[in-house]
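When you line the sequence shown up against my numbering, it's residues 2 to 600, in that order. Backbone N, C-alpha and C define an ideal beta-carbon position, used for all residues, glycine too. Some notes on the structure that comes next.
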Amino acid sequence: MLKTLGKQIKEFKLVSILTPIAMLAEVIVENFIPLLMATIIDSIGSGDLNSIYRTACIMIVLAIAGLISGYLGGVFGANASAGFARNLRKAMFENIQTFSFSNIDKFSTAGLVTRLTTDVTNMQNAYQMILRMAVRAPFSLIVAMIMAFTVSPRLASIYLIAVIILGCICALIIKFAFKYFNQVFKKYDALNESVQENVTAMRVVKAYVREDHEKKKFGKASEAIYKMFVKAEGIVALNNPVMMTTVYTCILLISWVGAHMIVASGNNAALGLTTGNLTSMLAYCMNILMNLMMLSMVFVMITMSMASARRIVEVLNEKPDITNPEDPDFDVPDGSIEFKNVTFRYNSKSEKPILENINVKIKSGETIGIIGGTGSAKSSLVNLISRLYDIEEQAVKDGEEPIESYVSIGGKDVRSYDLETVRQEVSVVLQSNVLFTGSILDNLRWGNPEATDEECIRVCKLACADEFIERMPDKYNTHIEQGGTNVSGGQKQRLCIARALLKNPKILILDDSTSAVDTVTDAKIRKAFREEIPDTTKIIIAQRISSVQDADRIIVMDDGKINEIGTHDYLKDNNEIYREVYLQQTNDNGDFDKNGGEM
């Protein structure tokens, strides 16, 4: 874990070293001041004004030096910790970008957000405290202890006993608090998930008048964090009263023992102790015990950050399960597709596969429709084409020939291609696609950053998006709000289709992506596809028969298997599943126009 995190600190190695050096300089200065103070007090008794002035000047110089050292330590520490946090976020985000869908499934979206925000902030605070306090406190403690033993070994032994007692108490507090802090961050995941889900689905929440339900749900997640934090902080809260009790006890003991020593020696340092010595011992007492309090705070912060560190390292060490082959192929010849003996599970431990023994060949430029009920694995099938998931290898028994299974594009296994290359040649438009904050042109150019305005307008005409864009005040420069909340569902789908077309892909997959578009516009889009991109392989997943009836072939999916493949006319007459859907959508009369083709 330390090795993984250490890579993110390397850039700030110099300031990470300078911070404790500056803090050590401050400590040395601080611990000389009580001795100088003792000299001044003793000089007052003797009336030596020159000694008082000289010592006071030295104290002022040391105080200024300490101030400068402390300031530089703070600046260096802030620079190092903020840079460390920046590098952690950057490294995590970059690694997340390499994740396959299977990798992402291991972490909830809310969990990843918590790791990128709350956990990284905890690490930043802990690292800054380690650089400043974890070095300063123990060194100051040691120096103060040495100085105290130099002044009076008898009184300094009281400090030593107090340090041992407080060290044991601090260790026990950390031990019991750690397990609770570890659970707190898991509760944060649940809270963030509740917030994210509510904000994303705010329209649905209001449409179903579920505000009270969502309030209770959020309150429950918030209450869980509250209870867990109270338990953890309840244990940590013992730290301050125990520390302060020890501080005051030490002060009383040192004052009592020191007073007896001063009286016995007649305020003579050579015979025992002076008033100045006792003052410096009290200063060292406060110094030692306050540094102990700082150390205990450091340990508590480290305890909290350890839970965060483990969660961050989980993301940093997560290896993408879909990677480029050693010698990747960068040339996709055409848009032909073949599924051969394909079986797939999202979870390898699941008994029942999502897709089972899929075999189908699709010619380049062919239009394929896919129809099937909810849960029939239509989307799972097309996710394998762009290698968002990998198929599983077929298990074989001893003595049997291995079963060849693959998904290929252009006659080559998708696993042989460079990932970026194959995904550039496959455009996928989802039912609930996402638009990003920016202008319409900015969103379209996600498909091709180098696209001209003319190319953007062309694909918008193909997707029938130009109709509503031209009605907008700023046309193609119209600002899109986060998530596309200022455009309708149908408009969003058409913009996403245009964006996919701008990639000029060899394969275009429409995953129920015209569900919010009226049937007339849907028909226009399909006609444009036939006429303008005849060489592109088009796969259309739909619930409406009208969306796929013109396809060259239609695949009927049922429970993760291909039930049958054929043309609209063939399936309408020969396939029970297809015929049943067809009759439902046409009111038994074969006319889609009666109800718009909706189920």
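Which partner residues does residue i have in the DSSP bridge list?
i      : result
GLY370 : ILE541, ILE555
PHE340 : VAL361, VAL408
SER1   : In the structure as shown, the chain begins at 2 and stops at 600. Residue 1 is therefore absent and cannot be evaluated.
TYR418 : ASP330
LEU356 : PHE345
Just to confirm, is the Cβ distance from residue i to residue j under 8 angstroms?
i      : j      : result
ILE97  : VAL316 : yes
ILE170 : VAL243 : yes
ARG116 : ARG312 : yes
PRO35  : TYR249 : no
GLY84  : MET24  : no
ALA499 : LEU436 : no
GLY366 : ILE541 : no
LYS350 : SER406 : no
GLY567 : ARG554 : yes
ILE59  : LEU89  : no
ILE392 : VAL333 : no
GLY336 : ILE534 : no
VAL299 : ALA81  : no
PRO506 : GLU426 : yes
ILE323 : ARG424 : no
THR40  : THR20  : no
THR247 : ILE166 : yes
ILE42  : THR304 : no
VAL408 : VAL314 : no
ALA452 : LEU502 : no
THR635 : ILE526 : The first residue shown for the chain is 2 and the last is 600, placing residue 635 beyond what the model contains.
LEU279 : ILE263 : yes
GLY78  : GLU27  : no
ASN325 : ASP419 : yes
GLU482 : THR438 : yes
Could you check what DSSP says for residue i in three-state terms: helix, strand or coil?
i      : result
LEU509 : strand
GLU565 : strand
SER433 : coil
SER428 : strand
LYS413 : strand
ILE458 : helix
CYS286 : helix
TRP447 : coil
SER489 : coil
LEU25  : helix
GLY75  : helix
ASN51  : helix
CYS171 : helix
ALA517 : coil
ILE10  : coil
LYS504 : coil
MET305 : helix
SER377 : coil
THR20  : helix
ASN318 : coil
ASN292 : helix
ALA265 : helix
THR522 : helix
CYS465 : coil
GLN494 : helix
MET473 : coil
LEU279 : helix
Counting contacts by CB-CB distance shorter than 8 angstroms, is residue i in contact with chain D?
i      : result
LYS379 : Here chain D cannot be found, since the structure has a single protein chain.
Roughly how far, in whole angstroms, is the beta-carbon of residue i from the beta-carbon of residue j, given that I think they are within contact range, below 8 angstroms?
i      : j      : result
SER381 : PHE331 : That pair is no contact at about 27 angstroms.
ALA607 : LEU156 : In the structure as shown, the chain starts at 2 and stops at 600, and residue 607 therefore has no counterpart that could be examined.
ILE255 : LEU283 : 6 angstroms
GLN550 : VAL518 : That belief does not hold up - the Cβ atoms of GLN550 and VAL518 are roughly 16 angstroms apart, past 8 angstroms.
VAL185 : PHE230 : 6 angstroms
SER605 : ASN193 : A question about residue 605 goes unanswered here, because the residues of the chain that appear run from 2 up to 600.
ALA529 : LEU572 : At roughly 25 angstroms, the Cβ-Cβ gap does not stay under 8 angstroms, so ALA529 and LEU572 are not in contact.
TYR390 : SER109 : With a Cβ gap of about 18 angstroms, TYR390 and SER109 do not count as contacting.
LEU50  : LEU293 : Not a contact, Cβ separation roughly 38 angstroms.
ILE556 : VAL582 : Not confirmed; about 13 angstroms, so no contact.
ALA178 : VAL361 : Going by Cβ atoms, the distance from ALA178 to VAL361 rounds to 58 angstroms, so no, they are not a contact pair.
GLU357 : LYS562 : 5 angstroms
ALA127 : SER306 : 3 angstroms
MET558 : SER377 : 4 angstroms
Does the distance between the C-beta of residue i and the nearest non-hydrogen atom of the ligand GDP fall short of 7 angstroms?
i      : result
THR122 : The model on display carries no ligand, and the ligand GDP is accordingly not part of it.
Inset, instruction - List in chain order: all unbroken alpha helix (DSSP H) runs of 4+ residues lying wholly within the region 80–147. - result: Whole alpha helix (DSSP H) segments, 4+ residues: 102–107, 110–115, 121–130.
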